[in-house]
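Numbered per full-length UniProt numbering, the sequence shown spans residues 16 to 356. Here is the structure we will look at, set down as structure tokens.
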Amino acid sequence: PRRQRVFSGVQPTGTLHLGNYLGAIRNWVKMQDLYDTFFCVVDMHAITMPHEPRDLLEATRKSAALYLASGIDPDKAAIFVQSHVSAHAELAWLLQCYTPIGWLRRMIQFKEKSQKQNAEEVGAGLLTYPVLMAADILLYGTDLVPVGEDQRQHIELARDIAERFNHKFGGSKWKKLGGRGGKIFKIPEAFMPPAGARVMSLSDGTSKMSKSAESDASRINLLDSPDVLANKIKRAKTDAFRGLEWDNPERPEATNLVTIYSLVTGMSTEAAVEELCDLSWGEFKPRLADAVVAHLEPLQQRYKIIMDDASYLDEVLAKGADKADDAANRTLNNVRQAMGF
Ligand code: ADP
Ligand code: NA
């Protein structure tokens, strides 16, 4: 039987951080053996907020190299850059014309991000970005989309867009235009990572560790040097309690740092708490820093080797784009036919 198809991507805005790795990319590595996987650097999403062209170019390559350094294997998965496959932009337009604006205005991320900008400067792309995301997913006949909780609403929207489109343009209407009939789009499902894989900010323990957070000290970037990592962890916000705990609602910082410790050491949170419960913050933090450094060291070494060979990365991305292009155009051709192009 056909293996289920998986599509996922990360935006190349800034450097990937530990949350992206533990919440997303590390799971992709496991999935590439079980599913037919497409992993994309979604660079066209990165321009929905103001951007610098040179930074985008650099961040796109860095992200692709980090996918490889994390263990994504180009012989198993298609690794590619969204803007290299023009079907994404084309399908996004076709879908946009049939997506009610009201659906888009309701998106939490739009509300949050548009409030951070001068209303006169909010680009239309910030509103329509979830339609591009729907196109990304629907193009590949995706069964499963591994995403964090923050993206659940966008997956729901992609499903609604697909259903509406199938209803409007699929079935016998499409058949009369020479098509196969039936559904044009497969309806995708969100695939949530296991609980605990949500990494919070070092600055407060309650907001998500994020590329878009202003303070660099709030996140552990995958490419931070050991010194920088130790320093960030040393300065991470703490509380006045003694000993370490996990899941005490009054202690989000402790919960977060113990979670990170358990994730990078591979221990259960129970085992981690047993090891750490009697430590002071001053004793725990260097231990956590050592564990994070040790966890990231092999990845950083592989990253260096990959970045030293520009032609290798070019080859991987060209091969990935070829494979993606084939799969995407199969869907896009159906859509074009069903819409009367
Ligand atoms: P960011 O918020 O840093 O810009 P993205 O929105 O590009 O990250 O998310 C890329 C992927 O990484 C998604 O699957 C998302 O759920 C996951 N992810 C992002 N931040 C975190 C986090 N702090 N903890 C766990 N997973 C995360
Ligand atoms: Na985000």
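Where is the CB? At the ideal position from N, CA and C, for every residue including glycine.
Self-check item: Close-in-space but distant-in-sequence residues of the same chain around Glu-260 (CB under 6 Å, 5 per side omitted)
Solution: Result list for Glu-260: Arg-266, Ala-269, in chain order.
Quiz item: Between the C-alpha atoms of Leu-244 and Ala-343, what's the straight-line distance to the nearest angstrom?
Solution: Note on geometry: alpha-carbon atoms of Leu-244 and Ala-343 lie some 40 Å from one another.
Quiz item: For Ala-205 versus Val-160, is the C-beta distance shorter than 8 Å?
Solution: Contact: yes.
Quiz item: Can you tell me whether DSSP reads Met-354 as helix, strand or coil?
Solution: Helix.
Quiz prompt | Whole-angstrom distance between Gly-196 and Asp-58, CA atom to CA atom | solution = Their backbone Cα atoms lie some 33 Å apart in a straight line.
Self-check item: Neighbour-count burial assignment, Asp-239, 16 or more Cβ in a 10 Å radius
Solution: Asp-239 is buried by the Cβ-count criterion.
Self-check item: Residue from Ala-80, Glu-67, Tyr-50, Cys-55 with nearest C-alpha to Leu-237
Solution: In terms of Cα proximity to Leu-237, the closest of Ala-80, Glu-67, Tyr-50, Cys-55 is Ala-80.
Quiz item: Roughly how many angstroms separate the alpha carbons of Ser-98 and His-66, rounded to a whole number?
Solution: The straight-line gap separating the alpha-carbon atoms of Ser-98 and His-66 is approximately 15 Å.
Self-check item: Contact between the stretch 45–57 and the stretch 227–235 (3+ Cβ pairs under 8 Å)
Solution: Fewer than three Cβ pairs drawn from the stretch 45–57 and the stretch 227–235 lie within less than 8 Å of each other, which leaves the two stretches out of contact.
Quiz item: Helix, strand or coil for Ile-235 per DSSP?
Solution: The three-state reading of DSSP puts Ile-235 in coil, since its state is none of H, G, I, E or B.
Quiz item: Relative to the C-alpha of Arg-41, which residue among Leu-294, Ala-84, Glu-178 is closest?
Solution: With distances taken between Cα atoms, Arg-41 lies closest to Ala-84.
Quiz item: Who's in the neighbourhood of the ligand ADP, going by beta-carbon under 5 Å from any heavy atom, listed in chain order?
Solution: Any residue whose Cβ sits closer than 5 Å to a heavy atom of the ligand ADP makes the list: Val-25, Gln-26, Gly-34, Asn-35, Gly-38, Ala-39, Val-162, Gly-163, Arg-213, Val-214, Lys-223, Met-224, Ser-225, Lys-226.
Exercise. Please work out which residues of its chain come closer than 8 Å, Cβ to Cβ, to residue 9, disregarding the five sequence neighbours upstream and downstream, and give them in chain order.
Key: In the structure as shown, the chain starts at 16 and stops at 356, and residue 9 therefore has no counterpart that could be examined.
Quiz prompt | Nearest residue (CA-CA) to Gly-156, options Pro-208, Ile-170, Val-21, Asp-324 | solution = Sorting Pro-208, Ile-170, Val-21, Asp-324 by C-alpha distance to the C-alpha of Gly-156 places Val-21 at the top.
Quiz item: Quick one: what does DSSP say Val-25 is sitting in, helix, strand or coil?
Solution: Val-25: strand per DSSP, three-state reduction.
Quiz item: For the alpha helix (DSSP H) that Ala-104 lies in, which residues bound it at each end?
Solution: Its alpha helix (DSSP H) spans residues 102–111.
Practice problem: Can you tell me which of the three DSSP states Val-279 falls into? | Solution: In the three-state DSSP reduction, Val-279 falls in the helix class (H, G or I).
Self-check item: For Arg-302, three-class secondary structure by DSSP
Solution: If DSSP states are grouped into helix, strand and coil, Arg-302 belongs with the helices.
Exercise. Following the continuous alpha helix (DSSP H) through Ala-139, name the residue where it begins and the one where it ends.
Key: For Ala-139, the enclosing alpha helix (DSSP H) stretches over residues 139–153.
Quiz item: Can you name the start and end residues of the beta strand (DSSP E) that Glu-204 belongs to?
Solution: 204–206 is the span of the beta strand (DSSP E), which, as asked, contains Glu-204.
Quiz item: Enumerated in chain order, which unbroken segments of the alpha helix (DSSP H) with a length of 4 residues or greater are wholly contained in the stretch 34–92?
Solution: Counting only runs of 4 or more, we get 41–46, 68–84.
Self-check item: Top-ranked residue by Cα proximity to Ala-336, from Gly-38, Phe-53, Leu-33, Tyr-36
Solution: Residue Phe-53 is the option with its Cα nearest to Ala-336.
Exercise. Compare the beta carbon distance of Met-122 and Gln-166 with 8 Å and say whether it is the shorter of the two.
Key: Taking 8 Å as the Cβ cut-off, Met-122 and Gln-166 do not qualify as a contacting pair.
Quiz item: Using CA coordinates, which residue listed in Asn-348, Ser-222, Ser-216 is at the minimum distance from Ile-235?
Solution: Closest by C-alpha distance to Ile-235, out of Asn-348, Ser-222, Ser-216, is Ser-216.
Practice problem: Return helix, strand or coil for Pro-264, following the three-state DSSP convention. | Solution: Three-state DSSP puts Pro-264 in coil, outside helix and strand.
Practice problem: Determine the direct distance from the alpha carbon of Leu-72 to that of Lys-131, and round the result to whole angstroms. | Solution: Approximately 24 Å between the Cα atoms of the pair.
Exercise. Look up Ile-94 in the DSSP assignment and give the residues it is bridged to.
Key: Bridge partners of Ile-94: Phe-54.
Exercise. Look at the Cβ atom of Gly-34, then the Cβ atom of Val-214, and state whether they are nearer than 8 Å.
Key: Contact flag set, yes.
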